[in-house]
Structures are given as C-alpha cells and as structure tokens.
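Residue numbers (this note's numbering), protein chains in the order written: chain A, 1 to 739; chain B, 1 to 402. For each residue, glycine too, the CB sits at the ideal point set by N, CA and C.
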Amino acid sequence: MSYTNFTLDIDADGIALITWDMPGRSMNVFTEEAMLELNAIVDKVAGDAAVKGAVITSGKDTFSGGADITLLQKMLTTFAADKAKDAGQATKALFDNAGKMTGLFRKLETCGKPFVSAINGTCMGGAFELSLACHGRVAADSDKVRMALPEVKIGIFPGAGGTQRVPRLTDQQQALQMLTSGQTLSPQKAKSMGLIHEIAEPRKLVETAKAMIRNGLKAVQPWDEKGFKLPGGPIYSVAGANLWPPAIAILRRETYGNYPAAAAILKCVYEGLLVPFDTGLRIEQRYFTEIMQTREAAAMIRSLFVSLQELNKGARRPAGVPETKFKKIGILGAGFMGAGIAYVTAKAGIPVVLLDRDMESAAKGKAHSDSLVSDQVKKGRAKPEEKDKLLSLITPTADYADLAGCDLVVEAVFEDSAVKKAATEQAEAALKPSAIFASNTSTIPITALAKNSARAKNFIGIHFFSPVDKMMLVEIILGKKTGDKALATAIDFVRAIKKTPIVVNDTRGFYVNRCVLRYMSEAYKMLIEGVPAPMIENAAKAAGMPVGPLALTDETAIDLAQKIMKQTIRDLGDKAVDPKQIALINTLVDTHGRFGRKNGKGFYDYPQKPAKKKLWPGLKDLYPQLAPEKVDYEELKQRLLVTIALEAARVMEEGIVTDPREADVGSILAFGFAPFTGGVLSYIDGIGARKFVKIAKGLQKKYGAEFKAPKLLLDMVDKDETFYQRFDPYAKGEVKKAA
Amino acid sequence: MAEAYVYDAVRTPRGRGKKDGSLHEVPAVRLGAKVLEAIRDRNELDTGAVDDIIFGCVDPVGEAGSVIPRAAAFEAGYATSAPGMQISRFCASGLDAINFGAAKIAQGADEIVIAGGVESMSRVGMGASGGAWFMDPSVGLPGWFVPQGISADLIATKYGFSRDDVDAYAVESQKRAAKAWGEGRFKNSVISIKDQNGLTILDHDEHMRPSTDMQSLAALNPSFVMPGEMGGFDAVAVQKHPEVEEVNHVHHAGNSSGIVDGAAAVLLGSKKAGKTLGLKPRARIRAFANIGSEPVLMLTGPVDVTEKLLKRARMKLSDIDLFELNEAFASVVLRYMQAFDIPHDRINVNGGAIAMGHPLGATGAMIFGTVLDELERRDLNTALVTLCIGAGMGTATIIERV
C-alpha cells in the first residue's frame, strides 16, 4: 500500500522508517487524511510480524507544525451549524472529534511494537504530542529543532494527550510551566526535562532512533507499567502542597482569569494525575471539548493564528506587482526610531544606509544596534558572527548621495513639517525615480507630507511603534496619491523584517494612536472623577490590557500628551479637548514637573531599581477620592475596552481601516488589546452589536459623548450584522465600503 | 423549646506545637481523653447519660483520624453508649461543636452533650488532611485561594494597620496573658496533663513570651513576603481588592497565633438533665450563627457573623459585656475593633492565641471557657465568642450567665 503523506521503508533489521512528507505543503500538518494514513501505518507495523518497530521522521526541513489549525476552525464552524439543529448531538460529535488524535496516539503507543520519533526540526503541538506517544524520542542536535505545545497562545490547549504525558514524564512544576506558557524547548532543555531520550548529530538522527529499537526499546510507556510513579511525586504530597496552591495563584496573576484554556490545562493535569492514564485522557478530552466551544478559543484562533498568518503573508498586497528584493534601504534620521528601524532591517540581512545631519549622530544611531545585538549575544540568542554581520550591514553617513541605489527610504526625522520637507527633497535628489519614499511620521498626515515629494505616487507612510525591535506591528499609511507599487513595496519590506503590516488610510493619529489616546483619556476622566488610581490601573489589567493607561502615559511621556492636546486645540479648536483633562495634564507637567518615566516622575514614582515603581501618592490630593466600594469596578473595566472599541468602529466607519482582520490583529499587536477577545472588533462581535450599542448608550449617559456609538454600529444592529459579515475579508472582489 | 446550658468547661494547657513541645509525646487522642476524663471526674458524671461527644478537629487524619472523640471515649473509659462525632469548620470547629451540641439539646434530641475539640499540631501537621480548596484549580480559581497570612496582611493594608499597630497589639496580648496566668485567672479551667504515674507533663501554656516588646518584635522579618511575591498570592489579593496597589506584609510569628497542641471540652445539657444529674448551670447559650465571607480577606468573617448574630438575637453591641475573638492574626482583632468601635478593654481581656497559641480544632471551645470564667470573675452577664475561619467564614456564639 502506498500513502500520499508518508513513505514507509522497512530495513533489513525489520525496522520501519516512516517519513512524513506532505506534498504541496512547506510544513507537515495533521489533516484528516494524514491521520487516516498514520492509522493505517500503525496497523501495518502492529500486524506485520516481520516489522520489529518503527521510526517516525519528516522528509522536510521541519518535523511538523502539528494540527491543521484551519481544520480546527472548520470543526468549530461545523459544530456551530450542527448545534442549531441538535445541540446534544453536535456536542457529542465535537467530543468524538476531539478524541480522534488522542485515540490514534494511544493506539500507536499500545500496539505492541516500539515506535521512536526522530525529531529533525521544528516540532509543534500535535506533532510533539505524537512524539510523546512514541516509546523513544530522539532530537537532532540543531538550532532548527524547537519543540513546544503552544496551543494555549491561541486559546486552546494540547488535547491529544499532551496534558497527561508531559506531567508523567517530568515534574509537575516544569510541566505546568511548559503547558501554560507554550514555552519552546531546545533539545537540551527537553532532554533535561525527560521529554526526549537522546540528542543525536543531525546526520545520525534516524540511525540513533533505529539503534534504540535494535537495543530492545520496550513497547510499553512508563505509565502503562505496573507500579508507575509520577516523577514529581503524587499531587497530595508535601511537594504537591507546595506546588499547586501557588500554581493556581500564578495562573490568576498571569491571566486575570481571562483565559479559560490556561485554567483548563491546570485542571487536566490535576484531575488527570489522580487517576489512571486512560481516564486522564478522557478528562482531557472533556475539557478540550469545553474549551473548543469558548468564545475565547474561536476569537484567538481567528485573530492570532489565521488572520495573523494571512496578514504576515501579505493578504493586503496588491496583486500583479513583482516582489521587491531589497538591495539597500535608506533611513533618514538616526534618532531612537531611525536607529531601531536600522536594527530590524539589518537583522533581516538588508544593507542599510543610516543618515543623519552629521557623522557623529549617524554613528550614535548605529551604536544602538550594537547595544541591542550585543545584548542578544550575551543572552545566547545570537552568535558573535551574527552580530558582526548585522553591524557590517549598517553604514552610517551624513551624505545624501549615499542613498543612491536604495529601493526604499524610510524617513524618521524630527516631527516638524519643515525638517521633513528638506529631508524629502534632498533624498529624492539622490534617489532613482522608482524608489519608494516612506515617512515614519506618527502625527502628520501622509497626504500633506506627500506634497513635499516630486513623486507622490511613490510616497507612503510606514509607521513603526516604539521600541521598534520589540513591537511587531507596522502601520502602512496610504496618502491620497499613493500607488500600488508603493504599497506592495512597503508590505514587502515589513514582511522582510518579519513584522506584521496593516494598511491604513490617512487620518490624524492613523488607527493605533487614535485608539490608544481614547484609552488614556478615559483613565484621566476616571482620575478626575476621584477613582483611586490603583483601581484604574488594576481595572485595565483585569480587562486584559498589558499596561495600565497611566503607566502607558508615563512611558510615552506626559509632556507629550500635553503637546498632543495643545496641538489638537490649535488644529481643531478649544472644544476638541476636555478642559478638565488638559488641566490635569497641565497640573502634572507644569505644577509638579512630572513628565513621565523619562524624569522618574509621572503618574508613578520610579525609584532606583530593584525597587518597583509606585503610584505617586500626590494623585490622591488632586481630586476628592471616591470610596473604593462606591466604585463600580466591572464598569471601569468595561469603559476602558468599550472606549477603544468605539474608536475602532469609527475608524472602520470612516474607512481608515477597511479589513476587520487588520483592526483586530493591529489592536492586539500594537497595544495589547485584551487578546482573549480576538481584538477590538471581535470584542464587539463577541458581545453582539445590539448589546454593545446598549452598553455604549448606558456609558454615554453617565460618562459623555465619547461613548456615542457611530452610525455604522446602529446600522449593524438594524441588519443584525457582525464586522466580519459586513466587511467580509474573504468576499470576492473589493472590500465593501464602510457605512 | 429546650435551652442549652453550660455546666462545665475544661481545657488542657497548650504545648508548643513542635517536636520539642511538652505535649509532643502525648498522642492526639490522649489529649481528647484527658479532657473527657476531667469533665467526668469534676462533675461526677455518669457517662451513660452522655448522648453525644462532638469534637472539632481540623486535620482528622493519621492518628487523629477515624472519629477521634469516639476513640478518646474508649481511652477515657466512657460508657459505650456515649457516641462520638468529629466535625471541622477549620478554626471555629471547637465553637461549632458547642453550637451543634446546643442545637441538639434545644431541639430535644439530646439531653447531655460534651462538645469541644482537639488538635495535636506537633504530631499531625497543619494541612495534613489536604483538600480541594487550595489544591484543585476548579476550586482554587473561583475560590480565590490565598494563604491566611496573605489575608491577614491584606486586612492590615486595606484597613490601614501599620507594622507598629499589629506589633503593639501582640505586645499587649502577651502582657494580658502573663497577667492572667499570674493571677490564676485560668485555674478553674486548665487541667494538668499528667503521665500514667501521676507525674506532670505540662501544667501551663508554654508558648507565651511575656518579655515580648516592640523592640524584640521589630527584629522579626514579615513571614509572607515570599509566598506573596513568588507564590503569586499578592497578585490574587490585589486582583480581588483593586484599590490596594500592593500588599503591605506586617505579620510574623510574633503577632500571629502560635502553633500549639491542646484539647478542650464543654459539658452542655438541658435544664432538666442538669437537675437530674445534680449539676449547677453556669450559663446558657443564647444564640449562635455562621456566615460565609469574602474569601481573600478571609478573616473578616467575625465582623459579618457578629452583625448577623446580633440582628437575629435582637441584641445590640452594647448588650455584650465581653468579646472574645480568636487572635489568629493581630489585624483580625484590630479590624473587628475598628468595625464595631470596641475598646480594647472589652475584648480579649486575658490575651489570646498570639500569646498562648491556637490549637485549631480546640480553640473555639478553649476561648469559650476562658470568657465564661472571666464573666464570672468580673460578675458580668453576657459575652460574645467568635473566630475567623479559613476559606472565609465566621462563627459566633452569645452566652449569658444564669
């Protein structure tokens, strides 16, 4: 019999080599077909007396990415459809489906013949669970080999025995740490944890695996042996009593109770380790079935896996424009942003010309890369030769002529129209006409800046976030005249530096900063109302935000907030800014000299490390304080998310962002919008437009016009639509226009 | 309905709950047997008349397992018709045993009940009985589990008690306990633990440190910084009480209840049974109540249960002459005094568990006897006994002299 996804070769010793190599895919994944074939192979190995055992490896560079997540998504769609007809039946079907991989792996592990997994490269999720079900596990000694059960990052958890096998191979603390964080393991780490048996030279990998079988590897897993003892001891033991209560507390600390999948991992391990292995698998299957039905799983799978991948692959790239292979990229301005952009560009192997007004400033910008990459080397994340290569790619200069030959120039000079104009003109003089010019401005409309350019078609915004090396999102801003080639080139660049692009039309603050400003502004309002500052910061974090709005203001600087407010008043008039809010900011900056983290005095005090930052006690004296029990804490949480989501809805209504995937993914990557919701628009969709508008109206009555729902949302209520229906990213042809 | 009367109350001295503690050589069951023997012998009680023996025991496992009051009755040589039952409501178990017994009497089911508790913390470790409350994620998450020390520190933080406040309370507890012992205020209730030869093993509370002062306490490091920070429990506390920016850790061994061994028993009965047996009633159980309270603060249950109990008994705070609140941690008592504006001279007047120790399952019955003795000594009428309880609960009982 032959297989589509596997080959099977039996050697003279009777050892079968199963090579997983799916046609037409860059990476092996568990599809339904692959599972059926593997099942048949297990039957063959078990049933053929001439076969002594089997080695499973991959014919690709990587071992496997695990389950086909899009298949999982389809499973959910089917479930939703079936549920409407017969909820009980649909749930039973989902449960059975959830048990398929579990059953297959269990069959493999109890078939009576020894199996060894020969892990030659990245081995994720279901593939690592397959490996754990094998009686022997060998990994190649290579940087390419990375093992993980990362499911929790997309709202689900290892549901093919991972929660049962890991804590039966390693102690519970390490198991919980690995499972709840989705931690990636090197071969060395996996071996020290007892998750793999051997590490072999890459070229001896399969041979090492075969040798294990020849040397009499038992076809029985430890947990199927009589008298099996858990490596970390029983749960109800002194060690267990020291581990479990803090483990539960730490889970809450890290998740604020917002991630049911992470909690389910703890439950599976706890309940599973108190019973025999097969019962544990059934418990895991029950929790998996439950978690698959959560809104969090659906939202996180969509935004953090499917949409993110699509955007990373350039979903918004105009068709028909050939891909740009960058030979040289110019960066104007070697300040903090420019230096950061130079670093990520050089890290991607692209030569960079880093230009500033004098050589000293340019060199200082390059030094930033030196310090970043040196830190990576120190932490063992980069090799010394990688550092040398990266630095060799950055050429500091003060001479515009050095820009000649650049495919793309990113301007990151001071936020001043005149300065930008001069930089644009001087750069264009040196550039070939086909070169693309991008501005990293965060405050000036691209259409306005494009007027400085002789080639407005080639002018675009590429808006990075700070710190550039850490922030994964890039906003690409289209000016009125920006052409397809500029967009395609910008997307190619963002992809080349392994960040995620979203395409945004031109407006004040673009997309991200508009949302972030609402988040901070709502917090100022709360302070003015007399809400104790810790409640504001804690409410934000409990709502799912990574950084409280006051801490965030400190990071970006309070005097910057003041500048933006003043600029907004100059541009749009007095009414554009709440006078109480500007009074608050003026008091902090002008009266108390509190500029934010940069001067160690903001909403927080920043004492010398290792002391932690603490909210400035003086905040209590600025406004009469409400008694904590008089504050509706759940409403605080809601206000912070709703105000951001409403701004995102406005952005969609105005056609600034047109694809809900970009709004969602952008909101998570740029400002960490409660990832369990799937992002700003999924948050609204998850609540439902009708209910969301009702919530907004209630908040509008109490807290002002910022909570007024845009017409778009009212229309969606009328039509009973979600964002993903109204702005269906998969609809044929043009994305529908807003409102 | 019949009323439950209190005829006697005894307790063992409290031995340090460590391997070098004097009662470490005494099995848990024997501590229980000793108080049963004392109740019988002091009252010339026909144990055939005992309808039930109810003992609180928080960790009823190992040697303390298998219904320890029944076992203790065997060792004490009680009539076989006296049955036994072990209960746990954590730290209030001893008081709940009394309330349970009183309820049986009031209902008319029983005539004579011995209620109390026993805990050998040196021999059966705290937490030895395990439990889903803190181990099972399906319980620990919705139950917001934190260790009690974190709760005590959270109470101090939330209600504004400084390290000096809690230390000063502890110093006073030690002073009062020392004075009470010095004046023999406990002699009516405390029995000596003797060996089979009549030699004394322990005749006083050995956990006390009467020389404690602010300076000696200041030298102690707070106990719950590590579990708070490394164990994630501070974060749990802050998530539940978000107006708190960070937990101020103020409790340590010197201002928390001591770990000790001990047992106590109270002889309860109906009026009629007392008469028949020739017993003189000392007090009656006027009312009691239980409540569940916010589990992260955990130890503020006494405030909630006191409100509930006074309301149900149609009484006012001013009707209570003396309060006895278990000194699990200093902040627990400080918060109670703050909530009801109770002056220190009406609460825990003879010190408490910070000085003398807290043998978990027995404490409720011990402090019940302590305050009854004190009502008699001062010739006052009414007392309220209450304890904070793990997982956020409260038990309280009001007694009245007759």
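In terms of alpha-carbon separation, which member of the options lies closest to residue i?
i                 : options                                   : result
LYS325 of chain A : A:HIS592, A:THR78, A:SER374 and A:THR489  : A:THR489
GLY162 of chain A : A:PRO624, A:VAL269, A:GLU33 and A:ASP632  : A:VAL269
GLY53 of chain A  : A:LEU8, A:GLU33, A:GLU37 and A:ALA90      : A:LEU8
THR19 of chain A  : A:GLY320, A:PHE115, A:ALA12 and A:GLY240  : A:PHE115
ILE354 of chain B : B:HIS344, B:ALA328 and B:SER120           : B:ALA328
PRO13 of chain B  : B:GLU206, B:GLN239 and B:LEU277           : B:GLU206
ALA40 of chain A  : A:SER26, A:SER2 and A:LEU169              : A:SER2
GLY232 of chain A : A:ASP171, A:GLU537, A:ALA209 and A:GLY272 : A:ASP171
LEU588 of chain A : A:LEU622, A:GLN608 and A:THR441           : A:LEU622
ALA709 of chain A : A:TYR730, A:TYR724 and A:ARG650           : A:ARG650
TRP144 of chain B : B:SER93, B:PRO295 and B:TYR169            : B:PRO295
LYS267 of chain A : A:GLY338, A:GLY159 and A:LEU308           : A:GLY159
ALA49 of chain A  : A:ARG508, A:ALA16, A:ASN458 and A:PHE79   : A:ALA16
PHE437 of chain A : A:ASN513, A:ALA422 and A:PHE459           : A:PHE459
VAL474 of chain A : A:LYS485, A:ARG455, A:LYS451 and A:SER439 : A:SER439
From residue i to residue j, what distance separates their C-alpha atoms?
i                 : j                 : result
PRO467 of chain A : GLY335 of chain A : 12 Å
MET292 of chain A : ALA263 of chain B : 52 Å
ASN5 of chain A   : CYS123 of chain A : 17 Å
LYS271 of chain B : PHE100 of chain B : 17 Å
ASN188 of chain B : SER129 of chain B : 34 Å
MET315 of chain B : ASP304 of chain B : 15 Å
LYS736 of chain A : LEU572 of chain A : Caution is warranted here: a pLDDT of 39 is assigned to LYS736 of chain A, below 50, making its placement in the model unreliable, and no coordinate value can be reported.
LYS379 of chain A : LYS711 of chain A : 51 Å
GLU25 of chain B  : ALA241 of chain A : 26 Å
GLU3 of chain B   : TYR703 of chain A : 58 Å
PRO260 of chain A : PHE277 of chain A : 23 Å
SER64 of chain A  : LYS499 of chain A : 23 Å
THR61 of chain A  : GLY126 of chain A : This sequence places Asp at residue 61 of chain A; Thr is not what is there. Roughly 17 Å between the two C-alpha positions.
ASP319 of chain B : LEU334 of chain B : 21 Å
GLY116 of chain B : ILE53 of chain B  : 8 Å
LYS229 of chain A : ILE235 of chain A : 11 Å
PRO546 of chain A : PHE673 of chain A : 8 Å
Are the beta-carbon atoms of residue i and residue j separated by less than 8 Å?
i                 : j                 : result
ALA38 of chain B  : VAL67 of chain B  : no
PHE595 of chain A : ALA533 of chain A : no
PHE464 of chain A : GLY340 of chain A : yes
ILE105 of chain B : ALA97 of chain B  : no
SER45 of chain B  : ALA76 of chain B  : Checking the sequence, you will find Leu at residue 45 of chain B rather than Ser. No, these two residues do not count as a Cβ contact at 8 Å.
GLY149 of chain B : SER223 of chain B : yes
ALA180 of chain B : GLY351 of chain B : yes
LYS366 of chain A : LEU355 of chain A : no
List the residues that DSSP assigns as beta-bridge partners of residue i.
i                 : result
ASP374 of chain B : First, the residue type needs correcting, since residue 374 of chain B is Glu and not Asp in the sequence shown. Paired residues: none, contrary to the question.
TRP20 of chain A  : A:PHE6 and A:SER58
ALA67 of chain A  : A:PHE30
LEU149 of chain A : For LEU149 of chain A, which the question treats as bridged, DSSP gives no partner whatsoever.
ARG284 of chain B : B:TYR5 and B:GLU400
LEU217 of chain B : DSSP, once it has assigned bridges, lists no residue as partnering LEU217 of chain B.
Just to check my reading of the structure: residue i and residue j have Cβ atoms closer than 8 Å, yes? What is that Cβ distance to the nearest angstrom?
i                 : j                 : result
ILE462 of chain A : ILE476 of chain A : 6 Å
LEU713 of chain A : VAL693 of chain A : 5 Å
ALA346 of chain A : SER361 of chain A : Not quite, the Cβ-Cβ distance comes to about 18 Å (not below 8 Å), so this is no contact.
ALA79 of chain B  : GLY125 of chain B : Contact doesn't hold; Cβ gap of about 34 Å is too wide.
LEU267 of chain B : LEU23 of chain B  : About 23 Å; that fails the 8 Å criterion.
ARG137 of chain A : HIS197 of chain A : 5 Å
SER682 of chain A : ARG214 of chain A : In fact, because the Cβ distance is near 53 Å, the residues do not count as touching under 8 Å.
LEU31 of chain B  : ALA365 of chain B : That belief does not hold up - the Cβ atoms of LEU31 of chain B and ALA365 of chain B are roughly 12 Å apart, past 8 Å.
VAL479 of chain A : ILE446 of chain A : Contrary to the premise, residue 479 of chain A reads as Gly rather than Val in this sequence. Correct: roughly 4 Å between the Cβ atoms.
GLU63 of chain B  : VAL113 of chain B : Wrong, their Cβ atoms sit about 25 Å apart, outside the cutoff.
ALA98 of chain A  : PHE128 of chain A : With 8 Å as the limit, ALA98 of chain A and PHE128 of chain A do not qualify as a contact, their Cβ atoms being about 18 Å apart.
Using a Cβ-Cβ distance cut-off of 8 Å, determine whether residue i contacts chain D.
i                 : result
ILE235 of chain A : Any reference to chain D falls outside this structure, whose protein chains are A and B.
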